[in-house]
Amino acid sequence: MTAKEKFRRLIHSSTTRSIAKRIGAGERAAEAQGKTVVAVGWDGQAHGVFLVPDSVKTTSAQAISEMR
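Residue numbers for the sequence shown follow full-length UniProt numbering, so the first one is 1 and each next one is one higher.
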C-alpha cells in the first residue's frame with residue numbers, strides 16, 4: 001500500500017465523510033493542475049496536506065530516460 005493510500009484510509013477513518021470528499025476533490029483538482037499532493041499526519045491522525053507545484057524543465061525528458 002502506498003503512502004497516499006494509507007493517508008486516504010486515515011482521512012476516511014478520522015474525519016466525517018463530507019470532509020473526506022472535499023479533501024479528495026481538492027486532491028484531484030490539484031493533481032489535474034500538475035501539483036503533487038503531500039499528505040502529513042502523525043499519531044494516527046491526519047493533520048494537513050501540502051501542494052507542491054511541479055514544473056517541466058527542458059532537461060526532464062533526458063533525466064527520465066536516464067533513470068530508466
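Positions of the beta carbon are idealized from the N, C-alpha and C atoms, including for glycine.
In this text, all values refer to a predicted model and were calculated from it rather than measured experimentally.
query, result
"Suppose the cutoff is 8 Å on Cβ atoms and the five residues either side in sequence are ignored; what does the same chain contact list for D54 look like?", "G34, K35 and T36"
"Tell me the rounded alpha-carbon separation between T59 and E31.", "22 Å"
"Tell me the DSSP bridge mates of Q45?", "W42"
"Once the 5 residues before and after A3 are set aside, which same chain residues still bring their CB inside 8 Å of it?", "A39"
"Tell me which same chain residues have a C-beta within less than 7 Å of the C-beta of V52, skipping the five on either side of it?", "K35, T36 and V38"
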